[in-house]
Structures are given as C-alpha cells and as structure tokens.
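Visitor:
2 protein chains.
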Amino acid sequence: MIRVSIIGSGNVAQHLVSAFMKTDAVELVQVLARHPEHLKQLLDSSQIISDYHQLQEADLYIIAVTDNAIAEVSKQIPFSKLVAHTSGSIAMNVLSDHHRKAVFYPLQTFTKNKPVDFSRIPIGLESEHASDFEIIKQVASAISDHVFAIDSAQRKALHVAAVFVNNFTNHLYQIGADICNEHQLPFDILKPLIEETTAKIMVLSPAEAQTGPAKRKDQQTIEAHLAILNDANQKAIYTLLTQSIQKHE
Amino acid sequence: MIRVSIIGSGNVAQHLVSAFMKTDAVELVQVLARHPEHLKQLLDSSQIISDYHQLQEADLYIIAVTDNAIAEVSKQIPFSKLVAHTSGSIAMNVLSDHHRKAVFYPLQTFTKNKPVDFSRIPIGLESEHASDFEIIKQVASAISDHVFAIDSAQRKALHVAAVFVNNFTNHLYQIGADICNEHQLPFDILKPLIEETTAKIMVLSPAEAQTGPAKRKDQQTIEAHLAILNDANQKAIYTLLTQSIQKHE
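Chains Z and F, in that order, are what the protein sequence lines are.
For the first sequence, position 25 (counting from the first letter as 1) is numbered 53 according to this note's numbering, and the numbering increases by one without interruption.
For the second sequence, position 45 (counting from the first letter as 1) is numbered 73 according to this note's numbering, and the numbering increases by one without interruption.
#1: For F:Thr94, count neighbouring Cβ atoms within 10 angstroms of its own Cβ and tell me buried if that reaches 16, exposed if not.
#2: Got a sec? Which residues, its chain only, sit under 6 Å from F:Ile77 by beta carbon, not counting five neighbours each side?
#3: Assuming Z:Thr225 and F:Asn198 form a contact by the criterion Cβ under 8 Å, report the distance between their Cβ atoms to the nearest whole angstrom.
#4: For F:Glu85, collect the residues of the same chain with a Cβ closer than 7 Å to its Cβ; drop the 5 residues on either side in sequence, then sort them by chain order.
#5: Give the secondary structure of F:Ser74 by DSSP, where H, G and I count as helix, E and B as strand, and everything else as coil.
#6: Which residue's Cα is closest to the Cα of Z:Glu210: Z:Leu153, Z:Gln262, Z:Lys228 and Z:Val167?
#7: Over what stretch of residues does the beta strand (DSSP E) that includes F:Leu254 continue unbroken?
#8: For the segment 170–196 of chain Z, which residues have a CB atom closer than 8 Å to at least one CB atom of chain F, in sequence order?
#9: Interface residues of chain F around Z:Ala242 at Cβ under 7 Å?
#10: If we require 3 or more residues per run, which beta strand (DSSP E) segments fall completely within the segment 162–199 of chain Z?
#11: Pull up the DSSP beta-bridge partners for Z:His113, would you.
#12: I'd like the list of long-range same chain contacts for Z:Asp206, defined as Cβ closer than 8 Å, with 5 residues on each side in sequence excluded.
#13: Check whether the segment 216–235 of chain Z touches the segment 226–234 of chain F, taking contact to mean three or more Cβ pairs, one atom from each stretch, closer than 8 Å.
#14: Enumerate in chain order the residues of its own chain whose CB-to-CB distance from Z:Asn194 is below 8 Å, with the five nearest sequence positions on each side excluded.
#15: Tell me the residue span of the beta strand (DSSP E) that contains Z:Val122.
#16: Residues of chain Z with a CB under 7 Å from the CB of F:Tyr201: which are they?
#17: Would you say the segment 237–248 of chain F touches the segment 232–244 of chain Z, given that touching needs at least three Cβ pairs under 8 Å?
#18: How big is the Cα-Cα spacing for Z:Ile90 and F:Leu257?
#19: Following the continuous beta strand (DSSP E) through Z:Arg31, name the residue where it begins and the one where it ends.
#20: Just mark Z:Arg62 as buried or exposed, buried being the case when its beta carbon has 16 or more other beta carbons within 10 Å.
#21: Can the beta-carbon of Z:Leu186 be found less than 8 Å from the beta-carbon of Z:Gly116?
#22: Considering F:Glu55, what are the terminal residues of the beta strand (DSSP E) in which it resides?
#23: For chain Z, is any of its Cβ atoms less than 8 Å away from the one on F:Thr137?
#24: Cα-Cα, which of F:Phe146, F:Ser46, F:Ser155 and F:Thr270 is closest to F:His127?
#25: Please return the same chain residues whose Cβ sits closer than 6 Å to the Cβ of F:Asp173, not counting the five positions on each side in sequence.
#26: Closer than 7 Å by beta-carbon distance: list the chain F residues that pair up with Z:Arg148, in chain order.
#27: I need the straight-line Cα distance from F:Ala242 to Z:Gly204, nearest angstrom please.
#28: Listing by chain order, which chain F residues have their CB less than 9 Å from the CB of Z:Ile207?
#29: Measuring CB atoms only, is the segment 157–177 of chain Z touching the segment 154–170 of chain F, in the sense that at least three cross pairs come out at less than 8 Å?
#30: For the alpha helix (DSSP H) that Z:Pro241 lies in, which residues bound it at each end?
#31: Going by CA-CA distance only, name the one from F:Met120, F:Val144 and F:Ser124 that's closest to F:Gly152.
#32: Return the CA-CA distance between Z:Val101 and Z:Ile178, expressed in angstroms with no decimal places.
#33: Among F:Ile34, F:Phe196, F:Ala255 and F:Ile265, which one has its Cα closest to the Cα of F:Tyr80?
#34: Would you decide whether F:His66 is buried or exposed? Buried here means 16 or more other CB atoms lie within 10 Å of its CB.
#35: On the DSSP bridge assignment, give the partners of F:Gly152 in chain order.
#36: Compute the Euclidean distance between the alpha carbons of F:Ala130 and F:Val111, then round it to the nearest angstrom.
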C-alpha cells in the first residue's frame, strides 16, 4: 500500500485528509500541521505532528500549504523523497532539488466545514520522473474518478480559467445580491436562475447557452439597464461584458 | 376556474403552456401563435390559433412575445380584458389602455426542449388594479411555489441582476472554455468546479463564498495570470473584475 503524508492544515489539506481516510488504497501516515487543532476531528491525534523531526518515512509527501510557503516547506522535509505540491499556479521546480518533484492539483474550491465529493473532483498530475507518475496516479485514483496528466503551462492556464468560472462568477453573484439589496429584493429570488444557468452548461456549450440583451444586440434594453445601475463599477462591468459577448464568435 | 389564453410561441410561451397543461387550477383556453408548429407537441391543435379574430373570451391574456412587440400585440386583442406581459424590462403601461394591465414575470432562462420545474421558478406580479392582483396570483400560484409582488422599478432592477448572474456568468464560462481550448484541455474539467461554485452560493452569502487571488490580494498570482492571458479582452475583464472584488466590502 502506498504510504502518504500531508503537510498543511488549511482547506485543501483538510479535504485531502478526509478523502484519504475513506480509502483503503492509500495509507495516510501523518499530517504535519502548524495548526493541529484544525485536524482533530479528522484523524487520530497520534498521526498529527507539528515538527519536521517527527516526520516518518513515506512514499509520497503532499505539500498543501499557501503558495509562497511551498519552496521553504519542501526544504524542511528531512528525507530525499517524492514530494508533490497542490497549487494551480506554482511551477513544479520550486520544490527543493533534493526531492523527486511532482504536482497533485485538485481543481476545486474548498470551503471549511462544507464536505465535497472528492470522487468528482478532477486531479491534474505532473511528475519530474516518468517512473513516479504511476505512484501519484495511484494515489489520485484512490480518491478521484477524474485523474489526468497536465504539464505546468497547462496547469497555470487551467488555474486562470478556474478564476473566471469560480472567483469571478461568484463576484457576479455578489453584484446580483447588491442590486437586489438596493431595491429591497431578497437575493434568494435569483437562486433558481443561478442553478439553471449552471444546469444548462452541463448539457449545452457556452455558445449555445448564451442568451440576453447583449447576445440579441438589443441596444434599447442595454441602455435601459445602464440607466438603472447607480454604481460606476457595476456600469463598467456591464459595459465590458456586454461588448465581450458581442465581439465573441 | 380561471380561464387563461396565451399569445406567443417562443420559449417563454412554450414553457408556460406546458406548465398550465399540468395544473387543474387553471383552464388554458387558447394559444395564439405566429408559429403554430412550435406548439403542436404541447396541446390539442383545436386550441392553437393564429388569428386574433378566433380569440375567445378569457379571464386573463398572457402576452409572451418579444419586448418590442408587446404594445402592438396588446392592441390586437379584440376585448377589454385583464392582460399581462411577461417581460422583465418593459413597463406595465406599454399595454393598451383599453385593457386592465398586469405583469406576469417568470424569472428564469428558458431553453428550447429543455424541461424546467416551473414550481421552483419565482414569478413576479404587478397589476394596475388591486382587485386584479388576486387573479394573477391564483394563476401564478397554480404553477409556481414562489410568487411575489414586485413593482416596475424593482422588476427592471431584478432583470439587470439576472443579466449579471445568468448572461454574464455564462460568458465567464465561455472564457473558461476558450482558455481550455487554447491549451488543449477539455472544458469538462471545469464542470465540477462550476457546480460547486453554485452549490456554495445556495448555503453561503457571496461575500462568504468569495475566494481567489483577488480576494487574497495576491498580486504575484494576479500578475502571473495576466501574463498567461493572450487575449486583450480577457485581460481587461480579469483586471476589472479583480479590482471590483478588491474594492468590494
């Protein structure tokens, strides 16, 4: 059985721990955490450590910490081993040269205390040595049904795409909520529409699913909408996204 | 039983017809359509007409046609009756003065041949005469569990909010797909993330759900992302939405 240890105690680390605890194909050896209290509910306290000197040998170390700390954390691992980070935007080669390097990138937005079905989360994999790819693939396949190879350039592009469909989409929800609030309407009114927007994209291409005044080139409605918006920033976003829809072929 | 006739044969008309055919609380009398062939699957051909002279009397006429045609269509109805349009952005008073005016606004994105559960669709109602409100409320409640009063100013604002969370969100999906395509990645990789983004907003506020480099003020990642984007339009949207997230409190 492949022995895996995790370094980190944030959202990604916690969700990985939960996923590995549910599979028999991987042995979760230890979790090294600056904040052990975040992990107490997830595994036995004997498996939680906070000092690199307590690290046991494992087949794979997964570093799930904030981007800027990855390089330094990899230097602290006191063995020469297979080491992967989980970041979408950091190059594989920031990992210390005394390790065999890899990337283990789960493409998802993790929220504290909100369980996710890891089997549906795509995991993008990259390894410095071809012989290590099989190891990280086995580990990823133990928790996800959607495992794929991805090089660093593709991974960075995928991360940007994820910012558009996740972070920026959520900000559009925020603007929708702000407009509702300004006009004494509950944000809940928009939720069925938000759900259907997502349901459509599961069965149609974005081009097929696109509707609205921008797509129809309905200039009268566009101008009426801009007149309703009081916030200069909302107006600028409305204008730019309307133009972008109209330019898109 | 309330007798309702519909004028129109587009997406909204078709979905309303389907919904009314499923309820016993409303009698769908006739549908007047320029394109009767769009309705053949939905109701008996004897109920489909294409000439205003064939219109029978009903308690409520619902005009579900393109915005610019609403005023003209309302003039063609050869009775003085209760008449509602279904538009998010058109004032109630464009309806002909020889009718009692109303609005019957289902807040949803309708796709041809994709069934929707009408019971979950919010319907915003407005009537010129208070005594008519009960009629449109009964009709709306026969097909939806989410019926609410909304004045014209609120309705127009809600329509703008809908453009942000539906049309503009779909365009962000388009950009995500374009970036995937440019880097030889299947758009399907993003779908679990899109679903989770929506699942989060059902249980968290947009502010609680917001994550990402903009929210974290992670300037290094933001600059790396802008360097990856080759399209000037994508860069402009990335920059504007990042600034908007950072300005938002």
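Backbone N, C-alpha and C define an ideal beta-carbon position, used for all residues, glycine too.
Since we're looking at a predicted model, the values are computed, not measured.
Guide: With the structure as the only source:
#1: Here residue 94 of chain F refers to the residue found at position 66 of the second sequence. Burial state of F:Thr94 is exposed, judged by a 10 Å Cβ sphere holding fewer than 16 other Cβ atoms.
#2: Locating residue 77 of chain F in the second sequence gives position 49, where the first residue counts as 1. Correct list, in chain order: Gln58 and Leu60.
#3: Along the first sequence, one-based indexing puts residue 225 of chain Z at 197. Along the second sequence, one-based indexing puts residue 198 of chain F at 170. 6 Å between Cβ atoms; contact.
#4: Against the second sequence, residue 85 of chain F aligns to sequence position 57. Only Phe107 meet the Cβ criterion.
#5: Stepping through the second sequence from its first residue, residue 74 of chain F is reached at position 46. Of the three classes helix, strand and coil, the one that applies to F:Ser74 here is helix, per DSSP.
#6: The residue labelled residue 210 of chain Z in the question sits at position 182 within the first sequence. Nearest of Z:Leu153, Z:Gln262, Z:Lys228 and Z:Val167 to Z:Glu210, Cα basis: Z:Gln262.
#7: Numbered from 1 along the second sequence, position 226 holds the residue referred to as residue 254 of chain F. Going by DSSP, F:Leu254 is part of no beta strand (DSSP E) but of the alpha helix (DSSP H) stretching over Gln247 to Ile256.
#8: So the close ones are His174, Phe176, Ile178, Ala181, Gln182, Lys184, Ala185, Leu186, His187, Val188, Ala189, Ala190, Val191, Phe192, Val193, Asn194, Asn195 and Phe196.
#9: By one-based count along the first sequence, residue 242 of chain Z stands at place 214. What Z:Ala242 touches in chain F: Asn195.
#10: The qualifying runs are 175–177.
#11: Taking the first residue of the first sequence as 1, we reach residue 113 of chain Z at position 85. Answer is Z:Ile91 and Z:Val131, bridged to Z:His113.
#12: Mapped onto the first sequence, residue 206 of chain Z falls at position 178. Only Asp259 and Gln262 meet the Cβ criterion.
#13: As far as the Cβ criterion goes, the segment 216–235 of chain Z touches the segment 226–234 of chain F, which means the pair count is three or higher.
#14: Position 166 of the first sequence, counted from the first residue, corresponds to residue 194 of chain Z. The beta carbon of Z:Asn194 sits closer than 8 Å to those of Thr137, all from its chain and outside the five residues before and after it, given in chain order.
#15: Translated into positions along the first sequence, residue 122 of chain Z becomes position 94. From DSSP, Z:Val122 is part of no beta strand (DSSP E); its letter is neither H nor E.
#16: The sequence position of residue 201 of chain F within the second sequence is 173, counting from 1. Those within 7 Å of F:Tyr201 in chain Z are Val193, Ile229 and Pro234.
#17: Remark: fewer than three beta-carbon pairs, one from each stretch, lie closer than 8 Å, so the segment 237–248 of chain F and the segment 232–244 of chain Z are not flagged as touching.
#18: For the purposes of this step, residue 90 of chain Z is identified with residue 62 of the first sequence, where counting begins at 1. For the purposes of this step, residue 257 of chain F is identified with residue 229 of the second sequence, where counting begins at 1. Answer to the nearest angstrom: the Cα atoms are 29 Å apart.
#19: Stepping through the first sequence from its first residue, residue 31 of chain Z is reached at position 3. That run of the beta strand (DSSP E) goes Ile30 to Ile35.
#20: One-based indexing of the first sequence puts residue 62 of chain Z at position 34. Per the 10 Å Cβ criterion, exposed.
#21: On the first sequence, residue 186 of chain Z is found 158 positions in, with the first residue counted as 1. On the first sequence, residue 116 of chain Z is found 88 positions in, with the first residue counted as 1. Cβ distance < 8 Å, so Z:Leu186 and Z:Gly116 count as in contact.
#22: Looking up residue 55 of chain F in the second sequence gives position 27. Counting along the chain, the beta strand (DSSP E) containing F:Glu55 begins and ends at Val54 to Leu60.
#23: Numbered from 1 along the second sequence, position 109 holds the residue referred to as residue 137 of chain F. Yes, because at least one Cβ of chain Z sits closer than 8 Å to the Cβ of F:Thr137.
#24: Within the second sequence, numbered from 1, the residue matching residue 127 of chain F stands at position 99. Ranking F:Phe146, F:Ser46, F:Ser155 and F:Thr270 by CA distance to the CA of F:His127 puts F:Ser155 first.
#25: Start at 1 with the first residue of the second sequence, and residue 173 of chain F comes out as number 145. By the criterion of a C-beta distance shorter than 6 Å, F:Asp173 is surrounded in its chain by Ser147, once the five residues flanking it on both sides are discounted.
#26: Within the first sequence, the letter at position 120 stands for residue 148 of chain Z. Residues of chain F passing the Cβ test: Pro220.
#27: Within the second sequence, numbered from 1, the residue matching residue 242 of chain F stands at position 214. Within the first sequence, numbered from 1, the residue matching residue 204 of chain Z stands at position 176. A straight-line Cα-Cα distance of about 19 Å links F:Ala242 and Z:Gly204.
#28: Here residue 207 of chain Z corresponds to residue number 179 of the first sequence, with the count starting at 1. Within chain F, the residues Ala185, Leu186, Val188, Ala189 and Phe192 have their CB atoms less than 9 Å from the CB of Z:Ile207, given in chain order.
#29: Flag = no, the segment 157–177 of chain Z and the segment 154–170 of chain F do not touch.
#30: Residue numbering aside, residue 241 of chain Z sits at position 213 when the first sequence is read from its first letter. Its alpha helix (DSSP H) spans residues Pro241 to Arg244.
#31: On the second sequence, position 124 is the one that residue 152 of chain F refers to. Closest in alpha carbon position to F:Gly152, among F:Met120, F:Val144 and F:Ser124, is F:Met120.
#32: Counting from one through the first sequence, the residue named residue 101 of chain Z turns up at place 73. Counting from one through the first sequence, the residue named residue 178 of chain Z turns up at place 150. Going by the C-alpha atoms only, they are around 23 Å apart.
#33: Here residue 80 of chain F refers to the residue found at position 52 when the second sequence is read from its first residue. Relative to the Cα of F:Tyr80, the nearest Cα in the group F:Ile34, F:Phe196, F:Ala255 and F:Ile265 belongs to F:Ile34.
#34: Position 38 of the second sequence holds residue 66 of chain F. When all chains shown are included, F:His66 counts as buried.
#35: Here the question's residue 152 of chain F lines up with position 124 in the second sequence. The partner list for F:Gly152 (beta bridge, DSSP) reads F:Tyr133 and F:Phe176.
#36: Within the second sequence, numbered from 1, the residue matching residue 130 of chain F stands at position 102. Within the second sequence, numbered from 1, the residue matching residue 111 of chain F stands at position 83. One alpha carbon belongs to F:Ala130, the other to F:Val111, and they sit about 6 Å apart.
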